[in-house]
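Asker: What follows is a single structure, and I will ask about it in a moment.
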Amino acid sequence: MATTRKTQSAADVFASRRTRLYRQLCKDSKATAYVVTRVADVRYLTGFSGEGLVLLAPGDDALVPYWFFGEQAQTECGAQPKLTVVDPTRNPFENVAKHIRGKGVRAVGVQAEELTVVRQTALQKAIGKKTLTPMPNLQGYLRLLKTDAEVRTIRKAVRVAQTALGDMANLGASYLVGRSELDIAAELECRMKQLGANGLGFPSIVAAGSNSSRCHHSPSNRKLKMGDPLLIDWGAMVGGYRSDLTRTLFMGTIPPKIAAIYPVVLEANREAIKAVRSGITCATLDGIARKVIEDAGYGKEFCHGLGHGLGLDVHEQPFLGKQNKTRLKAGMLITIEPGIYFPGIGGVRIEDDVLVTPDGYKLLSTFPKDLDHVVLD
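Plus 52 on top of the position in the sequence shown (first one is 1) and you've got our numbering.
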């Protein structure tokens, strides 16, 4: 007789995450209540897309929205049976103190890297003589491995981003040449929202000509010219989850020095992707791409790590770099983004989003990257 698998409701998923996290934190800390303030972590634990904090406390978790988010919190989370949504006050930490009163809490765990000194002071004043204890990074507990539902959402974010840029690129070089980096970025971002993004994965990098040598260039009034490289690092946010892609396009022709490095970056990108598997270390994967670039004589021009994790934040664990001995596991979702940059001349970066699977990997991004596809007529 066939059996059906029961699907967890969203409320059950969030409650399960909070329970698992609370149990793990209690093993690793002397605290018995925990204040989670990082925006992405709050959303991960409750589904709340506004601003506030989550209190993990003995027997009763609470969502404490900030002052102007009370109605939104009730709408998004008020029906969750294992979560108390607290009516907001101007001092959310007073609500924290009230919620743990009488529960025997002597130490309160906090995300120290997320709280300003002012807010830490306000929390300490509210809880009195109770001790504030730093918590470990929550990404390492829960968010490191993506569920099937999270992967589906990130896939949507990838599709939205790819379609938006693809529709612009298909209009050819004449559609882009003469326009400023800011103008191109604005249209790209508008198209992503029209296609269903509820926000940007991050501020788009649109870098024309020599500006493409700057890894994190902010779009300017610099206008795109024929013969320019155009490096675009962009992503969409769907349901709070982000995509992160980079392509380097060319307007009609390719500058000779850039033409020499594009195949090198492309080979490094492909060789690293092919090596993705459960068990390989971040450092080993970085080294595979780095060797391709070093063997071609451009080691000094590859000035950043190979990639990073991706999810509710655009930069998450694990970080793919020379020193990171963390081993990849099935369920991790990472970027692979080698690059070569010549200051004052230009650069090339090619970035894809990759899911680690039990038997290898799945490439989530499919935007063309062969040289004959990235030169626009």
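Ideal Cβ positions, reconstructed from N, Cα and C, are used throughout, including at glycine.
Contact between the stretch 234-244 and the stretch 313-324 is defined here as three or more beta-carbon pairs at a separation below 8 Å; is this criterion met?
Answerer: no
Asker: Helix, strand or coil for Ile332, going by three-state DSSP, please let me know.
Answerer: coil
Asker: Please report the straight-line C-alpha distance between Tyr293 and Leu167, rounded to a whole angstrom.
Answerer: 23 Å
Asker: What is the DSSP secondary structure of Glu166, counted as helix, strand or coil?
Answerer: coil
Asker: Tell me where the beta strand (DSSP E) around Gln369 begins and ends.
Answerer: 368-372
Asker: Between Leu415, Arg379, Lys198, which lies nearest to Arg69 when the distance is taken from Cα to Cα?
Answerer: Lys198
Asker: Near Asp93, what residues of its chain come up, given a Cβ to Cβ distance below 7 Å and the 5 sequence neighbours on each side ignored?
Answerer: Beyond the five residues adjoining it in sequence on each side, Asp93 comes within less than 7 Å, by CB distance, of Leu190 in the same chain, given in chain order.
Asker: Among Phe254, Asp411, Ile402, whose alpha-carbon lies nearest the alpha-carbon of Asp422?
Answerer: Ile402
Asker: Consider the Cβ of Ile313: report whether some Cβ of chain D lies at a distance smaller than 9 Å.
Answerer: The chain labelled as chain D is not found in the depicted structure, where only one protein chain is given.
Asker: For Val106, which option in Gln214, Lys134, Ser81, Gly361 has the closest C-alpha, if you only look at C-alpha atoms?
Answerer: Lys134
Asker: Under 8 Å by Cβ, that's how I've got Leu240 and Ala221 pegged, so tell me the actual separation to the nearest angstrom.
Answerer: With 8 Å as the limit, Leu240 and Ala221 do not qualify as a contact, their Cβ atoms being about 10 Å apart.
Asker: Rounded to whole angstroms, what is the Cα-Cα separation between Ile455 and Phe120?
Answerer: In the structure as shown, the chain begins at 53 and stops at 429. Residue 455 is therefore absent and cannot be evaluated.
Asker: Run the CB neighbour count on Val405, radius 10 Å, all protein chains shown included, and call it buried at 16 or more, exposed below.
Answerer: Note that residue 405 is Asp in the sequence shown here, rather than Val. Asp405 is buried by the Cβ-count criterion.
Asker: Residue range of the beta strand (DSSP E) that Pro281 falls in?
Answerer: For Pro281, the uninterrupted beta strand (DSSP E) run begins and ends at 281-286, by DSSP.
Asker: Pro315 to Arg231, Cα distance in whole Å?
Answerer: Using only the alpha carbons, I get a separation of about 27 Å.
Asker: Measuring straight from C-alpha to C-alpha, what distance separates Ala54 and Lys381?
Answerer: Confidence is the limiting factor: at Ala54 the pLDDT is only 43, short of 50, which leaves the residue's position unreliable and the question unanswerable from this model.
Asker: Thinking C-alpha only, which one of Thr409, Val160, Gly154, Tyr118 is nearest Pro140?
Answerer: Tyr118
Asker: Whose C-beta lies closer than 6 Å to the C-beta of Gly248 among residues of the same chain, with five residues either side of it excluded?
Answerer: Val212
Asker: Under three-state DSSP, which class holds Met303?
Answerer: strand
Asker: Alpha helix (DSSP H) containing Val317: first to last residue?
Answerer: 308-327
Asker: Considering only their Cβ atoms, is the gap separating Val317 from Val210 smaller than 9 Å?
Answerer: In this structure, Val317 does not lie closer than 9 Å to Val210 by Cβ.
Asker: Suppose the cutoff is 8 Å on Cβ atoms and the five residues either side in sequence are ignored; what does the same chain contact list for Asn273 look like?
Answerer: Ser232, Glu233, Leu234
Asker: Going by DSSP, which residues form a beta bridge with Asp219?
Answerer: Per DSSP, none; premise fails for Asp219.
Asker: Measure from the alpha carbon of Lys398 to the alpha carbon of each residue in Gly279, Gly102, Leu228, Asp365, then state which is nearest.
Answerer: Note that residue 398 is Gly in the sequence shown, not Lys. Residue Gly279 is the option with its Cα nearest to Gly398.
Asker: When you compare the stretch 174-187 with the stretch 260-269, are there three or more beta-carbon pairs, one atom per stretch, that lie closer than 8 Å?
Answerer: no
Asker: Tell me, to the nearest whole angstrom, how far the beta carbon of Cys129 is from that of Thr98; I am working on the premise that it is less than 8 Å.
Answerer: 5 Å
Asker: Throw me the rounded Cβ distance for the Tyr193 and Leu73 pair, which I believe falls under 8 Å.
Answerer: 6 Å
Asker: If we ignore side chains and look at the alpha-carbon of each, how far apart do Val162 and Tyr86 end up?
Answerer: Going from the Cα of Val162 to the Cα of Tyr86 covers about 6 Å.
Asker: Of the choices Leu108, Gln132, Pro110, Val138, whose alpha-carbon is the least far from that of Gly122?
Answerer: Nearest C-alpha to Gly122: Val138.
Asker: On the DSSP letters alone, give me the boundaries of the beta strand (DSSP E) that Val137 sits inside.
Answerer: 135-137 is the span of the beta strand (DSSP E), which, as asked, contains Val137.
Asker: Can you name, in chain order, every residue of its own chain whose Cβ lies under 8 Å from the Cβ of Lys377, other than the five neighbours on each side?
Answerer: In chain order, Thr333, Cys334, Ala335 place their CB closer than 8 Å to the CB of Lys377, counting only its own chain and leaving out the 5 sequence neighbours on each side.
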